[in-house]
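Numbering of the sequence shown is given in the UniProt record's numbering, commencing with residue 1 and proceeding in unit increments.
Don't be surprised by glycine CBs; every beta carbon is placed ideally from N, CA and C.
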Amino acid sequence: MADYQAPLRDMRFVLNEVFDAPALWASLPKIAENVDPDTADAILEEAGKITGGVLAPLNREADEQGCKWNEGEVTSPEGFKEAYQTIVEGGWNGLGGNPEFGGMGMPKTLVAQFEEMMQGANMAFGLAPMLTAGACLALDAHGSQELKEKYLPNMYSGVWSGAMDLTEPHAGTDLGIIRTKAEPNDDGSFNVTGTKIFITWGEHDMAENIIHLVLAKLPDAPKGPKGISLFLVPKFMVNDDGSLGERNQFSCGSIEKKMGIKGSATCVMNFDGAKGWLVGEENKGLAAMFTMMNYERLGVGIQGIGAAEASLQSAREYANERIQSRAPTGAQQPEKAADPILVHPDVRRMLLTMKSYVEGGRAFSTYVAQWLDISKYSQDDEQRKHAEGMVALLTPVAKAFLTDRGLETTIIGQQVFGGHGFIREWGQEQLVRDCRITQIYEGTNGIQAMDLMGRKVVGSQGKLYELFVQDVATFIEANTGDAALKPYLEPLAAAVERLSDVTEHVIKQAGDNPNAIGAAAVDYLDMFGYTALAYMWAKTVKAAAPKAEGDTSGFYTGKLKTARFYFDRLLPKTVSLAEGIRSGSDAMMALAANEI
1 MADYQAPLRD MRFVLNEVFD APALWASLPK IAENVDPDTA DAILEEAGKI
51 TGGVLAPLNR EADEQGCKWN EGEVTSPEGF KEAYQTIVEG GWNGLGGNPE
101 FGGMGMPKTL VAQFEEMMQG ANMAFGLAPM LTAGACLALD AHGSQELKEK
151 YLPNMYSGVW SGAMDLTEPH AGTDLGIIRT KAEPNDDGSF NVTGTKIFIT
201 WGEHDMAENI IHLVLAKLPD APKGPKGISL FLVPKFMVND DGSLGERNQF
251 SCGSIEKKMG IKGSATCVMN FDGAKGWLVG EENKGLAAMF TMMNYERLGV
301 GIQGIGAAEA SLQSAREYAN ERIQSRAPTG AQQPEKAADP ILVHPDVRRM
351 LLTMKSYVEG GRAFSTYVAQ WLDISKYSQD DEQRKHAEGM VALLTPVAKA
401 FLTDRGLETT IIGQQVFGGH GFIREWGQEQ LVRDCRITQI YEGTNGIQAM
451 DLMGRKVVGS QGKLYELFVQ DVATFIEANT GDAALKPYLE PLAAAVERLS
501 DVTEHVIKQA GDNPNAIGAA AVDYLDMFGY TALAYMWAKT VKAAAPKAEG
551 DTSGFYTGKL KTARFYFDRL LPKTVSLAEG IRSGSDAMMA LAANEI
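(1) Check whether the stretch 429-438 and the stretch 302-312 touch, using three or more Cβ-Cβ pairs below 8 Å as the test.
(2) Measure the C-alpha to C-alpha separation of residue 525 and residue 307 and round it to an integer number of angstroms.
(3) Going by C-alpha to C-alpha distance, which of 483, 467 and 82 sits closest to residue 532?
(4) Who are the near neighbours of residue 177 in its chain, counting only those whose CB is closer than 6 Å to its CB and skipping five residues on each side?
(5) Report the three-state DSSP secondary structure of residue 273 (helix, strand or coil).
(6) Can you tell which of 410, 262, 464 and 394 has its C-alpha closest to the C-alpha of residue 127?
(7) Looking only at its chain, what residues have a beta carbon closer than 7 Å to the beta carbon of residue 222, apart from the 5 residues adjacent to it on each side?
(8) Looking at residue 273 and residue 401, is the spacing between their C-beta atoms short of 8 Å?
(9) Would residue 534 and residue 565 qualify as a contact pair, given that the criterion is a beta-carbon distance under 8 Å?
(10) Candidates 493, 395, 413 and 83: which alpha carbon is nearest residue 297's?
(11) Kindly provide the ranges of any beta strand (DSSP E) runs that are 3 or more residues long and lie completely inside the stretch 48-135, ordered along the chain.
(12) Give me the DSSP bridge partner(s) of residue 212.
(13) Rounded to whole angstroms, what is the Cα-Cα separation between residue 17 and residue 369?
(14) Please name the residue, chosen from 57, 76 and 139, that lies closest to residue 291 on a Cα-to-Cα basis.
(15) Run through DSSP, which three-state label would residue 499 get?
(16) For residue 192, which of helix, strand or coil comes out of DSSP?
(17) Does the beta-carbon of residue 259 have 16 or more other beta-carbons within 10 angstroms, so that it is buried, or is it exposed?
(18) If contacts are defined as beta-carbon pairs under 8 Å, then residue 509 and residue 584 qualify, I think. What distance do you get, rounded to the angstrom?
(19) Which residue's Cα is closest to the Cα of residue 238: 153, 197 and 319?
(20) Mind checking who residue 247 pairs with in its DSSP beta bridge?
(21) If we require 4 or more residues per run, which alpha helix (DSSP H) segments fall completely within the stretch 417-487?
(22) Starting from residue 223 and walking both ways along the beta strand (DSSP E), at which residues does that stretch end?
(23) Take residue 210 as the anchor and find which of 378, 158 and 47 has the nearest alpha-carbon.
(24) How far does the beta strand (DSSP E) with residue 183 in it reach, from first residue to last?
(25) Quick check: what's the CA-CA separation for residue 36 versus residue 375?
(26) Quick check: what's the CA-CA separation for residue 115 versus residue 450?
Below, the structure written as structure tokens:
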């Protein structure tokens, strides 16, 4: 198995050549004061060293060992505490955090690249900084000044970590039926009581304190999601001078035995009158939590890319080294007993499919991160509102499409290895197991599809969707005279038109058929994703084509050839998806329960 190496060349290409991120950063004053191209490049370089040299070597052993639970205490796998300290000492925990409280204030377009490296190197470990960043984001956006000053500096530094406590045994997607209660105290605090499950890194030994953000209901709260509030509940109480006090009244009841990400602790948390403080307004907790959801859901999509990249690196190396049979056109290496399996068309199909998804997905995640940066930092109200609309539309696509393709890519990588892919020592089966969770947590991919189709597309009567269409149309119009792009612009335009036709069809159906949205949702999200990646590959061609002539490295010519493969072999999937969507809901809703 290839040792994971951060794909720095490709990340720089996406940032600097496809999207010209430095120009965007320079246009946003709050970003410009914290980062420039040299700083960004140094961050990427150092991140590559840490993820490849510190985190990746721990990945397999952590999967073998798992975490250990003993009377409420959780011990992380060997090497994790030391690796966590390396992350903390380098300031990586607060890379995208608010500088007012000790964060580095880096743009999401840059942070996304570090997140991919970390998740590709060691997903189980990478969840810890990821959850802390999410908790910090929600606290920074909605917490009182007192709470922010008291907790954010130590969370950004990594001395304290964060956890998000949403799910309960009976309440997953439907958070409106949670039972965790928060009783007010005379001093402004609340006593939180209830049980939360699936809490990633809810308990561990890597940080001296763990700050939980817990969804709960006040005694007089309205029913449903409108009655949810958000509370900060620390593992150890924090004294006025910042020192740690007594342990709070909650504990880890157990940790789950899982299919994958075994190196991380997935905890059952029991709150027994634990003291907490309100974050944001009463009964507005879900809105506060959703502040960080766009970032976290993109982060999960990036996890899919990270696992897929790791799988591609190993599969590519194996295909160059493993010899089996001769090429259809005759022996390529006659001095050997057989040719490398890379010569076979079907192996090429697998590797190019992987490369198409990984590199197109990386461009798409950066594209979404770009809109997140504009929505957060732009001082132009109209530009910010436009970006917020794009983020709302694209986030479910980034989460679901990138993780669906991520799992597909790891499975293809396993297939390249044949029988060896099923064997533990090669690492491919762990990537399949680890990547599988990305389709489930932070809102299952079916829920993401319902959000896209129901709330974002039908709910806005297509207005949010038109933001994306206009962005693609502007690109096509601006590049009609580009000879290198000409073979791609027509099929891209056709794919967008096909998607627009289906969009209009479902919006019309939804008015009369309650099942129309649910029946179309997953196929629609896939169709949107394939179209969006076609747009990314067209942008890639625009950046690569002028530099392809005389390219002896194969970097730019490889981009052009992969784009051709994507348009020829993968984009046509949108045709069959469109036909399925147009068929409506009748076939799937016709069977009675006893017929399924």
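Once the coordinates are examined:
(1) yes
(2) 21 Å
(3) 467
(4) 171
(5) strand
(6) 262
(7) 283
(8) no
(9) no
(10) 395
(11) 68-70 and 73-75
(12) 163 and 233
(13) 16 Å
(14) 139
(15) helix
(16) strand
(17) exposed
(18) 7 Å
(19) 153
(20) 236
(21) 428-436, 445-450 and 463-478
(22) No beta strand (DSSP E) holds residue 223; DSSP gives it neither H nor E.
(23) 158
(24) 181-184
(25) 20 Å
(26) 26 Å
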